[in-house]
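>
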Amino acid sequence: MQDRPDAADLLDSVAEYLFAELRPEVPREQRFKVLVAANLCAVVAREIRAGEEPEQEDLTLFGELLGRKVDDVRAAAAELSDRIRSGELDDRIEELAPRLEEHVRRKLEVARPGYTD
Amino acid sequence: MPEPSTESVRSLIADVDADPGELSLSPIPGGASRETWLIEAGEGRWVLRRDPEGSASLVPLSDEFSLIARASEAGVAVPEPLAFEPAGGRLGTAGILMPFIDGTSVAPRILRKPDYETARSRLTTQLGEALARIHSIDPASLNAVLPEPKGDPALAQISEWESQLDEIGEPLPAVELGLRWLRANAPEPAEQRLVHGDFRLGNFIVDERGLAAVIDWELAHLGDPAEDVGWLCIRSWRFGNDDRPVAGVGQLDEFATAYEAAGGAPIDRDRVRYWEAFGNVKWAVICARQAHDHLTGVRRSHELASLGRRICEPECDFLQLVQHRTGCPSATPAEHPPTT
Chain H
9 MQDRPDAADL LDSVAEYLFA ELRPEVPREQ RFKVLVAANL CAVVAREIRA
59 GEEPEQEDLT LFGELLGRKV DDVRAAAAEL SDRIRSGELD DRIEELAPRL
109 EEHVRRKLEV ARPGYTD
Chain W
310 MPEPSTESVR SLIADVDADP GELSLSPIPG GASRETWLIE AGEGRWVLRR
360 DPEGSASLVP LSDEFSLIAR ASEAGVAVPE PLAFEPAGGR LGTAGILMPF
410 IDGTSVAPRI LRKPDYETAR SRLTTQLGEA LARIHSIDPA SLNAVLPEPK
460 GDPALAQISE WESQLDEIGE PLPAVELGLR WLRANAPEPA EQRLVHGDFR
510 LGNFIVDERG LAAVIDWELA HLGDPAEDVG WLCIRSWRFG NDDRPVAGVG
560 QLDEFATAYE AAGGAPIDRD RVRYWEAFGN VKWAVICARQ AHDHLTGVRR
610 SHELASLGRR ICEPECDFLQ LVQHRTGCPS ATPAEHPPTT
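Residue numbers (the working numbering), protein chains in the order written: chain H, 9 to 125; chain W, 310 to 649.
#1: Name the residues in the segment 421-445 of chain W whose C-beta lies less than 7 Å from a C-beta of chain H; which are they?
#2: Between Ser-450(W), Gln-629(W) and Glu-312(W), which has its C-alpha nearest Asp-372(W)'s C-alpha?
#3: Against Gln-599(W), what residues of chain H qualify as contacts under a CB-to-CB distance less than 9 Å, listed in chain order?
#4: If you reduce the DSSP assignment to three classes, tell me which class Ala-28(H) lands in.
#5: Can you tell me which of the three DSSP states Trp-584(W) falls into?
#6: Check Thr-434(W) in the structure and name its three-state DSSP category.
#7: Roughly how many whole angstroms lie between the Cα atoms of His-444(W) and Phe-564(W)?
#8: May I ask you to check if the CB of Glu-476(W) is nearer than 7 Å to at least one heavy atom of the ligand COA?
#9: So that I know if they touch, is there some Cβ in chain W lying closer than 8 Å to that of Pro-62(H)?
#10: Along the chain, where does the beta strand (DSSP E) containing Arg-354(W) start, and where does it finish?
#11: Which first and last residues belong to the beta strand (DSSP E) in which Arg-609(W) is found?
#12: Go through its chain and collect everything with a Cβ distance to Asn-589(W)'s Cβ below 6 Å, but skip five positions before and after it.
#13: Kindly indicate if chain H contains any beta-carbon less than 8 Å away from that of His-633(W).
#14: Does the segment 355-364 of chain W come within contact of the segment 399-410 of chain W, defined as at least 3 CB pairs closer than 8 Å?
#15: Just reading off the beta strand (DSSP E) that Gly-404(W) is part of, what are its end residues?
#16: With the cut-off set at 8 Å, would you say Leu-486(W) and Ala-105(H) are in Cβ contact?
#17: Just the C-alpha distance for Ser-430(W) and Arg-442(W), rounded to the nearest angstrom, thanks.
#18: My output table needs one value for Glu-362(W): the three-state DSSP class, helix, strand or coil.
#19: Below 8 Å on C-beta distance, what does Ala-570(W) contact in chain H?
#20: Using the DSSP secondary-structure output, state which residues sit across from Pro-336(W) in a beta bridge.
#21: May I ask you to report which of helix, strand or coil DSSP gives His-633(W)?
#22: Strictly by DSSP, which residues pair up with Asp-516(W)?
#23: Taking the alpha-carbon of Asp-507(W) as reference, which of Ile-595(W), Pro-311(W), Gly-549(W) and Ala-453(W) has the nearest alpha-carbon?
#24: Got a sec: is the Cβ-Cβ distance from Pro-496(W) to anything in chain H below 8 Å?
#25: What does Ile-101(H) reach in chain W if we use C-beta pairs closer than 8 Å?
#26: Could one say the Cβ of Glu-37(H) lies closer than 8 Å to chain W's Cβ atoms, at least one of them?
#27: My output table needs one value for Glu-644(W): the three-state DSSP class, helix, strand or coil.
#28: Considering only their Cβ atoms, is the gap separating Ala-586(W) from Leu-630(W) smaller than 8 Å?
#29: Which residue from Tyr-425(W), Glu-479(W) and Gly-460(W) puts its Cα closest to that of Arg-502(W)?
#30: How about His-603(W): is its C-beta nearer than 8 Å to some C-beta of chain H?
#31: Is the number of C-beta pairs between the segment 610-619 of chain W and the segment 81-98 of chain H that are closer than 8 Å three or more?
#32: In angstroms, rounded to a whole number, what distance separates the CA positions of Pro-456(W) and Arg-113(H)?
#33: Let's test the definition: count the other Cβ atoms within 10 Å of the Cβ of Gly-662(W) and tell me whether it reaches 16, buried, or not, exposed.
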């Protein structure tokens, strides 16, 4: 056990410092870089807080689309990518679009919450 | 990045202008794959674009030089190139010397600063006129500059970005679906024109009066002119002004009116939507490629790293666009009048 703040809280503190305190202090050309750094801290904090669930949901989704149980999410995404590329799923594009949107929305929840509002 | 030597830059300027004397160099941020340096000497200001060490780009700098010169002849506002220095010359890698253009290319400033209010009101029309002039350039005059078009322009572009994705090796099923959808839905091949390839907010220098220059020609190729319109309109280049598809400032109808009045062929809205779908897929691949450059050490940068986590934005825009739901397409699907 580590003492508090936990990892996500620590990142929040860095993000707040970068965004609210440092950004106005640096030359204008540097401000965007500081904003990006603050955003990255916030992304990582959200990823930590989201835990294992989004990856489990992607595993389930990719397993359904591949028609078998999968346990490595990147390997499953790669296999699905290969099968889509080969054209064998061309007659299922309309069915796959909303399913892959579920996966993409899980990425957005961490990277850019509110993007689809 | 290592600075070019001030002595070499000074002699380069002296070749085409008077000896500028002592000068200083500072990097201009924002260039995706080429270095851009601001040169200052007393009252004089220039811009140097240089290939980074060990990089390969789609349009070699020597050809970019010729293209920009050709665009200038066609009446497009560009920074008129002054000198080209080949790789192995005074700058180390290849470089182009250009005049400095006053204004900004930074999207949030253009979209939000009160100083640019007049510019914003003019920009949509000015962009339509500029793009019509780019597309008016005779492709035959570019034979020596750009590769021969490879058959169907949509399929050629899909293959191009597919192979870019293969070089990265990132598993992106939504992008793969996009590439298949684009193959299945490619429009009738268009008559090929010069396509700028990166005609979007961020590559326009804007001053208080509006468009001052179109920059960054490194993705130029021969292709479907509607490709430039779709790319201009993707949600990522609206920088938050989601209800204004044209560069975050205007509507497609106003843009099309100006484009057509300046000699451009009538803009087919369905075709623009197709290229907007394509643009989302292309931007997703570019994001992945930039993150890959960071991961592999080609260029370590937290800005490039951050783009890896932005792949999902154009992926989402693409998926919504092809499912005809919400999202922010530039134009609603054309309502075909009932035939009798």
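We put the CB at the ideal spot given by N, CA and C, even for glycine.
On the basis of the coordinates in this document:
#1: Listed in chain order, the positions of the segment 421-445 of chain W with a beta carbon within less than 7 Å of a beta carbon of chain H would be empty, since no residue qualifies.
#2: Against the second sequence, residue 372(W) aligns to sequence position 63. Minimum Cα distance to Asp-372(W) is reached at Ser-450(W).
#3: For the purposes of this step, residue 599(W) is identified with residue 290 of the second sequence, where counting begins at 1. Under the 9 Å cutoff, chain H gives no residues; its nearest Cβ is about 12 Å from Gln-599(W).
#4: On the first sequence, position 20 is the one that residue 28(H) refers to. In the three-state DSSP reduction, Ala-28(H) falls in the helix class (H, G or I).
#5: For the purposes of this step, residue 584(W) is identified with residue 275 of the second sequence, where counting begins at 1. DSSP places Trp-584(W) in helix when its eight states are reduced to three.
#6: Stepping through the second sequence from its first residue, residue 434(W) is reached at position 125. It is helical.
#7: Within the second sequence, numbered from 1, the residue matching residue 444(W) stands at position 135. Within the second sequence, numbered from 1, the residue matching residue 564(W) stands at position 255. Going by the C-alpha atoms only, they are around 14 Å apart.
#8: The ligand COA is not among the ligands present in this structure, which contains no ligands whatsoever.
#9: By one-based count along the first sequence, residue 62(H) stands at place 54. Pro-62(H) does not count as touching chain W.
#10: On the second sequence, residue 354(W) is found 45 positions in, with the first residue counted as 1. 353-359 is the span of the beta strand (DSSP E), which, as asked, contains Arg-354(W).
#11: Residue 609(W) sits at position 300 when you count from the first residue of the second sequence. Run containing Arg-609(W): none; DSSP gives neither H nor E here.
#12: On the second sequence, position 280 is the one that residue 589(W) refers to. Once the five neighbours on either side are set aside, the close Cβ partners of Asn-589(W) are Ile-543, Pro-623, Asp-626 and Phe-627.
#13: Counting from 1 along the second sequence, the entry for residue 633(W) is found at position 324. It does not: the Cβ of His-633(W) has no partner Cβ on chain H nearer than 8 Å.
#14: Contact check between the segment 355-364 of chain W and the segment 399-410 of chain W: three or more CB pairs, one atom from each, fall below 8 Å, which counts as touching.
#15: Here the question's residue 404(W) lines up with position 95 in the second sequence. From DSSP, the beta strand (DSSP E) with Gly-404(W) extends over 404-408.
#16: The sequence position of residue 486(W) within the second sequence is 177, counting from 1. The sequence position of residue 105(H) within the first sequence is 97, counting from 1. Yes, Cβ-Cβ distance for Leu-486(W) and Ala-105(H) is below 8 Å.
#17: The count along the second sequence starts at 1 and reaches residue 430(W) at position 121. The count along the second sequence starts at 1 and reaches residue 442(W) at position 133. Whole-angstrom Cα-Cα distance: 20 Å.
#18: As a first step, residue 362(W) must be located in the second sequence, where it is residue number 53. Reduced to three states, the DSSP call for Glu-362(W) is coil.
#19: Translated into the one-based positions of the second sequence, residue 570(W) becomes position 261. Going along chain H, no residue has its Cβ under 8 Å from Ala-570(W), so there is no contact; the nearest lies around 36 Å.
#20: On the second sequence, residue 336(W) is found 27 positions in, with the first residue counted as 1. According to DSSP, Pro-336(W) bridges with Trp-346(W).
#21: Against the second sequence, residue 633(W) aligns to sequence position 324. Here His-633(W) sits in coil by DSSP.
#22: By 1-based counting over the second sequence, the position of residue 516(W) is 207. When DSSP reads this structure, Asp-516(W) sits in a beta bridge with Gly-519(W).
#23: Here residue 507(W) refers to the residue found at position 198 when the second sequence is read from its first residue. Comparing Cα-Cα distances from Asp-507(W) to each of Ile-595(W), Pro-311(W), Gly-549(W) and Ala-453(W), the minimum goes to Ile-595(W).
#24: For the purposes of this step, residue 496(W) is identified with residue 187 of the second sequence, where counting begins at 1. With respect to chain H, the C-beta atom of Pro-496(W) has no partner C-beta closer than 8 Å.
#25: In the first sequence, residue 101(H) corresponds to position 93, counting from 1. Correct list: Leu-486, Arg-489, Trp-490 and Ala-493.
#26: Translated into positions along the first sequence, residue 37(H) becomes position 29. True, the Cβ-Cβ gap to chain W drops below 8 Å.
#27: The residue given as residue 644(W) occupies position 335 in the second sequence. Here Glu-644(W) scores only 38 on pLDDT, less than 50, and its place in the model is too uncertain to base an answer on.
#28: Along the second sequence, one-based indexing puts residue 630(W) at 321. Along the second sequence, one-based indexing puts residue 586(W) at 277. A Cβ-Cβ contact shorter than 8 Å links Leu-630(W) with Ala-586(W).
#29: Walking along the second sequence from the start, residue 502(W) turns up at place 193. When only C-alpha atoms are compared, the closest one is Gly-460(W).
#30: The residue you call residue 603(W) lines up with position 294 of the second sequence. No, no contact with chain H.
#31: No contact exists between the segment 610-619 of chain W and the segment 81-98 of chain H.
#32: To locate residue 456(W), count along the second sequence from 1; it is residue 147. To locate residue 113(H), count along the first sequence from 1; it is residue 105. If you draw a straight line from the Cα of Pro-456(W) to the Cα of Arg-113(H), it is about 39 Å long.
#33: Past the boundaries of the shown model lies residue 662(W); chain W is included only from 310 to 649, so the question cannot be answered.
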